[in-house]
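Residue numbers (this note's numbering), protein chains in the order written: chain A, 5 to 259; chain B, 187 to 529. The beta-carbon is built from N, C-alpha and C at its ideal position, and this holds for glycine as well. Below: the structure, in structure tokens.
Structure representation (structure tokens):
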């Protein structure tokens with residue numbers, strides 16, 4: 005479904021290449037968590053895959069088609085993103101936001117067909133955001149807003165969903181709910197869901213597969229259990245202060 | 187169109203028509219409403235009432251309707267383009283930039299000699315519109331560049347200050363131009379729809395109508411810009427091209443208003459908020475008819491108050507607009523959650 009072919013991500017400035025020659029494949033319906041410390045290149049990789057940023061080399065292919073070479077209108081029908089940024093706009097209602105997800109499918113005037121309305125309703129229900137209909141987007145809490153943005157991404161009926169650290173503002177129950185709903189959506193709809201996260205323990209429990217960025221330009225891929233047992237998690241996250249205990253599945257202070 | 191949009195548009199249209207008839211009939215000389223309507227359609231082509239209605243009042247009413255609708259739609263475009271709920275042509279200094287453009291052109295002609303002045307006088311309509319458009323476009327480009335770096339409120343303050351600077355320069359320049367080459371152009375003591383001559387109306391109408399068409403064409407992608415550039419891009423919008431198109435539409439809407447009516451304040455700022463409240467949505471396309479009609483209504487109402495049969499002519503249009511508009515902006519700044527926690 006999604007294939008990275010020698011993908012190199014980074015910038016044409018001092019930061020340079022962040023990840024080099026990544027090669028991997030993801031099956032349809034996979035819920036993938038991308039882990040790594042701050043600055044390891046999670047956002048860069050996600051933006052590059054989603055086509056929001058040019059690749060330095062190689063390509064990300066969705067069903068064989070290079071994402072960054074799709075016309076923007078075509079890409080918008082296949083790839084949806086949810087970002088950390090919190091958009092605010094006066095008078096913008098929850099219905100407006102989710103309806104924007106149908107924009108790549110509507111005509112010049114953005115008029116929604118009954119089919120579009122149905123998809124929007126389903127997306128709201130799936131994201132647990134149906135109760136927010138009619139409310140102003142600005143008036144929602146952080147967790148409610150993220151649900152609406154997820155509903156918008158689901159309404160876009162993409163084959164690939166890219167979500168960049170969207171759980172950062174949520175409390176623990178909120179994070180669990182959001183991650184489970186994304187996992188369920190991936191499994192039920194066949195969409196590939198990529199989620200970058202700082203939630204190590206939740207990600208290790210919920211992900212079908214983990215991409216681990218070690219911060220040195222290398223990427224380890226595998227089921228969570230495998231990466232833990234091989235000691236890769238510890239190698240990526242351990243500091244002078246803390247160490248990852250594979251048998252406990254969490255960090256401990258060094259004595 | 188949703189029911190709310192249709193209903194609001196029809197109510198606004200009815201109010202606009204009623205107010206237009208009132209404005210055509212009443213003034214220093216009051217005519218019966220029926221007589222004013224008859225005079226408008228030429229049933230009484232001879233006589234004083236026909237002259238008053240068609241030659242004096244009609245151009246002013248048309249100018250107010252055109253300018254008001256242009257400013258209302260321009261405000262919707264600018265607030266989406268800048269992602270800033272207090273953006274409009276006046277508050278971000280675009281109108282003042284247009285005035286400065288006209289002043290620079292007039293001054294250049296005055297110092298270039300009588301030939302240039304007579305050329306400018308002969309082609310007053312197009313040349314003044316073009317000069318204003320250049321000034322508006324430059325000011326808009328400058329504010330867009332700044333807008334990426336500044337918060338909404340800071341941008342508002344910078345825009346107002348740029349406006350004051352440009353208006354100061356304009357008045358100094360026009361003074362020297364008048365001394366060097368005679369009065370080519372009187373300049374603007376204040377905003378007014380009364381100075382628009384019937385022969386200037388096409389120069390006001392054509393760019394505004396074209397700007398409206400362009401606004402309708404960009405409405406769908408502009409809606410996705412409400413979520414920010416990244417989301418717009420992910421929804422298939424070519425953001426750079428969209429910015430240029432929306433900016434062009436804004437210039438076409440705003441420049442003729444500056445050129446012929448002066449710096450009409452507050453309409454573009456408050457009408458989009460009224461439109462969002464009436465439409466119950468922030469999507470751009472449904473806002474456009476409401477903003478156009480609401481802007482026209484507000485402009486015409488302000489003009490009707492200015493030209494009511496007072497003992498003497500003492501009211502200025504911007505004074506009326508400020509009394510209505512400034513408190514609305516204050517309420518917006520104090521109570522809008524989007525502005526309190528912007529970016």
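Query	Result
Please state the DSSP three-state secondary structure of residue 21 of chain A.	strand
Does the Cβ-Cβ distance between residue 203 of chain B and residue 481 of chain B come in under 8 Å?	no
Of all the options B:407, B:454, B:464, B:489, which has the alpha carbon lying nearest to the alpha carbon of residue 109 of chain A?	B:407
Step through the CB atoms of chain A and report whether any lies within less than 8 Å of the CB of residue 271 of chain B.	yes
Can you give the Cα-Cα distance for residue 324 of chain B and residue 346 of chain B, rounded to whole angstroms?	15 Å
Using a 10 Å radius around the Cβ and a threshold of 16 neighbouring Cβ atoms, would you call residue 529 of chain B buried or exposed?	Low per-residue confidence applies at residue 529 of chain B: pLDDT is 39, beneath 50, and the placement is therefore not dependable enough to give any value.
Can you tell me the Cα-Cα spacing of residue 28 of chain A and residue 235 of chain A, whole angstroms?	20 Å
Between which two residues does the beta strand (DSSP E) harbouring residue 242 of chain B extend?	First-last for residue 242 of chain B: undefined, no H or E at that position.
Could you give the residue range of the alpha helix (DSSP H) that holds residue 192 of chain A?	176-193
Does the Cβ of residue 476 of chain B have 16 or more other Cβ atoms within 10 Å, making it buried, or fewer, making it exposed?	buried
Using C-beta distances below 7 Å, list every residue in its chain close to residue 443 of chain B, excluding the 5 sequence neighbours before and after it, in chain order.	253, 256, 257, 450
Helix, strand or coil for residue 501 of chain B? Go by DSSP, reduced to three states.	coil
From the DSSP output, which residues share a beta bridge with residue 165 of chain A?	A:84, A:197
Of all the alpha helix (DSSP H) runs that stay within the bounds of the segment 445-474 of chain B, which reach a length of 4 or more residues?	453-465
Please report how far the alpha carbon of residue 360 of chain B lies from the alpha carbon of residue 292 of chain B, in whole angstroms.	8 Å
Would residue 41 of chain A and residue 255 of chain A be called neighbours here (beta carbons separated by less than 8 Å)?	no
Are residue 332 of chain B and residue 344 of chain B closer than 8 Å when you measure CB to CB?	yes
Could you please give the first and the last residue of the uninterrupted alpha helix (DSSP H) stretch that includes residue 335 of chain B?	That residue, residue 335 of chain B, is in no alpha helix (DSSP H); it is neither H nor E in DSSP.
How would you write the range of the beta strand (DSSP E) that residue 170 of chain A sits in, first residue to last?	It is not in any beta strand (DSSP E) - residue 170 of chain A carries neither H nor E in the DSSP assignment.
Whole-angstrom Cβ separation of residue 505 of chain B and residue 205 of chain B, contact assumed at under 8 Å?	Going by Cβ atoms, the distance from residue 505 of chain B to residue 205 of chain B rounds to 19 Å, so no, they are not a contact pair.
What is the residue span of the beta strand (DSSP E) that residue 2 of chain A lies within?	Past the boundaries of the shown model lies residue 2 of chain A; chain A is included only from 5 to 259, so the question cannot be answered.
Between the segment 102-118 of chain A and chain B, which residues of the former have a C-beta closer than 7 Å to a C-beta of the latter?	104, 107, 108, 112, 113, 114
To test your reading of the DSSP string, which unbroken alpha helix (DSSP H) runs of 4 or more residues are found completely within the segment 338-400 of chain B?	338-367
Considering residue 151 of chain A, what are the terminal residues of the alpha helix (DSSP H) in which it resides?	146-159
Would you mind listing the beta strand (DSSP E) stretches within the segment 51-126 of chain A that are 3+ residues and don't spill past its ends, in chain order?	61-66, 83-86
Tell me the DSSP secondary structure of residue 219 of chain B in three-state form.	helix
Please return the same chain residues whose Cβ sits closer than 6 Å to the Cβ of residue 33 of chain A, not counting the five positions on each side in sequence.	190, 191, 194
Under 8 Å between C-beta atoms, does residue 147 of chain A make it to chain B?	no
Quick one: grab the DSSP three-state call for residue 277 of chain B.	coil
The alpha helix (DSSP H) that contains residue 196 of chain B, what's its start and end?	189-211
Please report the straight-line C-alpha distance between residue 173 of chain A and residue 204 of chain A, rounded to a whole angstrom.	15 Å
Does residue 504 of chain B have its Cβ less than 8 Å from a Cβ in chain A?	no
Given that residue 341 of chain B touches chain A, what residues does it touch there, using C-beta distances under 7 Å?	What residue 341 of chain B touches in chain A: nothing, since even the nearest Cβ is about 15 Å away.
Tell me, which residues are paired with residue 217 of chain A by DSSP?	A:40, A:223
Kindly indicate the opening and closing residues of the alpha helix (DSSP H) around residue 7 of chain A.	Run containing residue 7 of chain A: none in the alpha helix (DSSP H); it sits in the beta strand (DSSP E), 6-14.
Using the C-alpha atoms, what's the distance from residue 101 of chain A back to residue 417 of chain B?	11 Å
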